[in-house]
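Visitor: Sending over a structure as structure tokens; questions will come in a sec.
Residue numbers (full-length UniProt numbering): 1 to 627.
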């Protein structure tokens, strides 16, 4: 089996020699009278010329899938199984048959792996390699040896908790889970499946789950959209993430930069009163045709106290169960896309495909993901100060973005189409809001936007900004997300130390005036309507937010700005009335009585908020975007 390998016959390819290497299996044709080629569809076929009689005791076959490889990496193999005795067929499109070897009954085993078309991005496709041999013990030996090699892949999950939203995205949740569930079963990954019955079901389950029970799982999977993922995220972090509140500028008050928030978070989880919008979000049913889920729990959390020890990085096998906290190197989250937009999946994998996401989870792919901590200080100008902590994985938006979500609640019966209708209605109203925004200046901010001053002439022309920075798109194996390169170093060659300067002497910059919208993108937020996302060069794990301030401007100018998002390769952030600031934290103050924020598609009523980015706070079952 080692070294020179063993002779096997691949149905449709010919007799080959299979060898085991350090990282996978490889096979080469044993006889050179067969000519292999790739047809335009990507399927490998074998055209046999006049062949000599081949005598062999070894047989194998391949279940045809797009683009079969001559080398199988163990990192791409997710299952190996011993099959019953069955027939082995001759090569495909063979003009001459192998005498006496047609449909011969053989002992067989199958290797389940993945393959991909050459074009990128592209979905992952399950692929089966079925091998046969006259000796049953030989098949068993191969199976055991390959299993041993595959089990050395340590990042693969063994047990997962799965939340399925039954009616999100036109009811795709249950259908998509039924499609991918056999893959998890075949890979011997245990799954505890919970179909959500009401709004807040996933949040309540995770917030009240003991650390002992949580440690039975290697991760939590959302079969739904961005809203369900946001509910799972908040359920996990609400009692398991301890850190300071976001820094605030001089004069903002409340809690200073390094004040611990544990006492107030516990008070928030158990005693805070719900605002009108929060209560409406909770009372809604999760069994509605979208991925909408609430941020607030309907029951008091019974989560354990929070520990900041590093013991949460690995599962505990002893009698004493360490407390779970985040960041956490062991626990991961995953999404099987079934929602209306699925921006998180598209931004982290490049594919809106349930099978691709399921295979990434099974194979244990891992990336770190930034998370935005949003602290609501006041729900309205007249309300008392009561800090409420929420988390967002993709986007936090005010003004246009918040009003679209609130307006869409009136048209739930329309399904996902209500977002287009509500967006049009809110756009035509063309409302702007008086607000003040303070953000921590980044050393590279000057290259991202025009002056933050409230220049009334800034909306009188559509002239693009000068000195726009060179975009560095986040992708698989991104050096910036890995921490070996900063985005400022890559985009500003003439000032490679700008990020270091910003960290040493950060200062607050105020931007005041009337805004159509205020948004903070944690990731690019790609979706089918916006192929490049809201911010094309946002990274998954660089520790920054992309603050987008859209000042009041004439309606046609705003329409021009919005339509640029639908065009791949355009630059919707280069208008004079658009400010784009790359920052680690910002504070927002508005005097509007019904200020509403959109957090990953969820409503949060707040007129004063502070937001900060936590670099790599959670790990995701993904490999990074392919663009």
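Each residue gets a CB set at the ideal place from its N, CA and C atoms; glycine is no exception.
Report the residue ranges of all alpha helix (DSSP H) runs contained in full by the segment 550-619; include only those spanning at least 4 residues, in chain order.
Guide: Whole alpha helix (DSSP H) segments, 4+ residues: 555-564.
Visitor: Between the alpha carbons of residue 472 and residue 394, how many angstroms are there, rounded?
Guide: Near 19 Å, if we compare the C-alpha coordinates of residue 394 and residue 472.
Visitor: Quick check on the burial criterion: 16 or more other C-beta atoms within 10 angstroms. Buried or exposed for residue 329?
Guide: Classification for residue 329: exposed.
Visitor: What is the DSSP secondary structure of residue 633, reduced to helix, strand or coil?
Guide: No answer is possible for residue 633: it lies beyond the span of the chain, which begins at 1 and ends at 627.
Visitor: Give the straight-line distance between the Cα atoms of residue 436 and residue 251, rounded to the nearest whole angstrom.
Guide: When rounded, the distance between both Cα atoms is 13 Å.
Visitor: So, do the segment 201-212 and the segment 228-245 have three or more beta carbon pairs nearer to each other than 8 Å?
Guide: Contact holds: three or more Cβ-Cβ distances are below 8 Å.
Visitor: Using CA atoms only, rank isn't needed, just tell me which of 526, 512 and 525 is closest to residue 590.
Guide: The option with the nearest alpha carbon to residue 590 is 512.
Visitor: Tell me which residues share the same chain as residue 338 and place their Cβ nearer than 6 Å to its Cβ, disregarding the 5 neighbours each side in the sequence.
Guide: For residue 338, where only same-chain residues beyond five positions count, the Cβ hits under 6 Å are 168, 169, 172, 173, 176, 223 and 224.
Visitor: For the alpha helix (DSSP H) that contains residue 227, what are its first and last residues?
Guide: Residue 227 -> alpha helix (DSSP H) spans 226-237.
Visitor: Using beta-carbon positions only, say whether residue 356 and residue 625 come within less than 7 Å of one another.
Guide: Contact: no.
Visitor: Using only CA atoms, which one of 525, 580, 438 and 613 lies nearest to residue 544?
Guide: Among 525, 580, 438 and 613, the Cα nearest to that of residue 544 is on 613.
Visitor: Within 10 angstroms of its Cβ, does residue 616 collect 16 or more other Cβ (buried), or is it exposed?
Guide: So residue 616 ends up on the buried side.
Visitor: Just checking, does the segment 236-250 make contact with the segment 180-199 on the three C-beta pairs under 8 Å criterion?
Guide: No, the segment 236-250 does not touch the segment 180-199.
Visitor: Work out the CA separation of residue 622 and residue 491 for me, nearest whole Å.
Guide: Note that residue 491 scores 48 on pLDDT, short of 50, meaning its location in the model is unreliable and no value can be drawn from it.
Visitor: Using the three-state DSSP reduction, which class does residue 81 fall into: helix, strand or coil?
Guide: Correct three-state label for residue 81: strand.
Visitor: What residues in its chain sit with their C-beta under 7 Å from that of residue 400, if we drop five residues either side in the sequence?
Guide: These residues qualify, in order along the chain: 426, 516 and 517.
Visitor: With three or more beta-carbon pairs closer than 8 Å as the criterion, would you say the segment 103-110 touches the segment 69-86?
Guide: Segments in contact, yes.
Visitor: Would you mind stating whether residue 603 and residue 596 have Cβ atoms separated by less than 7 Å?
Guide: Yes.
Visitor: May I have the straight-line CA-CA distance separating residue 323 from residue 343, to the nearest angstrom?
Guide: Taking the straight line from one Cα to the other gives about 32 Å.
Visitor: Can you name the residues that DSSP bridges to residue 106?
Guide: Note: residue 106 sits in a beta bridge opposite 86.
Visitor: Excluding five sequence neighbours on each side, which residues of the same chain lie with their C-beta closer than 8 Å to the C-beta of residue 371?
Guide: Only 233, 237, 391, 392, 393, 522, 613, 614, 617 and 618 meet the Cβ criterion.
Visitor: Mind checking which residues open and close the beta strand (DSSP E) that includes residue 508?
Guide: Residue 508 -> beta strand (DSSP E) spans 508-521.
Visitor: Kindly give me the distance between the Cβ atoms of residue 606 and residue 519, rounded to whole angstroms, as I take these residues to be in contact under 8 Å.
Guide: About 14 Å separates the two Cβ atoms, so there is no contact after all.
Visitor: Assuming residue 30 contacts residue 15 (C-beta within less than 8 Å), just tell me the rounded distance between them.
Guide: At roughly 4 Å, the Cβ-Cβ gap stays under 8 Å, so residue 30 and residue 15 are in contact.
Visitor: Can you tell which of 138, 150, 476 and 118 has the C-alpha that lies nearest to the C-alpha of residue 74?
Guide: Closest by alpha carbon: 150.
Visitor: For residue 598, which residues of its own chain have a beta-carbon under 6 Å away from its beta-carbon, when the five flanking residues on both sides are left out?
Guide: Cβ neighbours of residue 598 beyond the five flanking positions: 397, 401, 402 and 405.
Visitor: Of all the options 562, 577 and 190, which has the alpha carbon lying nearest to the alpha carbon of residue 570?
Guide: Residue 562 is the option with its Cα nearest to residue 570.
Visitor: Could you have a look at residue 137 and say whether DSSP puts it in helix, strand or coil?
Guide: Three-state DSSP puts residue 137 in a helix.
Visitor: Within 10 Å of its beta-carbon, does residue 373 have 16 or more other beta-carbons around it, so buried, or fewer, so exposed?
Guide: Burial call: buried.
Visitor: Could you tell me which residues DSSP pairs with residue 25 in its beta bridges?
Guide: The partner list for residue 25 (beta bridge, DSSP) reads 20 and 72.
Visitor: Count the other C-beta atoms from every protein chain shown that fall within 10 angstroms of the C-beta of residue 185, then say buried if there are 16 or more, exposed otherwise.
Guide: Answer is exposed; the Cβ neighbour count stays below 16.
Visitor: Using the Cα positions of residue 23 and residue 218, report the straight-line distance between them to the nearest angstrom.
Guide: Whole-angstrom Cα-Cα distance: 24 Å.
Visitor: I'd like the list of long-range same chain contacts for residue 510, defined as Cβ closer than 8 Å, with 5 residues on each side in sequence excluded.
Guide: Taken in chain order, the residues that qualify are 249, 436, 437, 438 and 452.
Visitor: Could you check whether residue 244 and residue 524 sit closer than 7 Å to each other, using their CB atoms as the reference points?
Guide: No, these two residues do not count as a Cβ contact at 7 Å.
Visitor: Would you say residue 76 and residue 17 are within 7 Å of each other, going by their C-beta atoms?
Guide: Cβ atoms of residue 76 and residue 17: not closer than 7 Å.
Visitor: To the nearest angstrom, how far is the alpha carbon of residue 362 from that of residue 116?
Guide: If you take the alpha carbons of residue 362 and residue 116, they lie about 16 Å apart.
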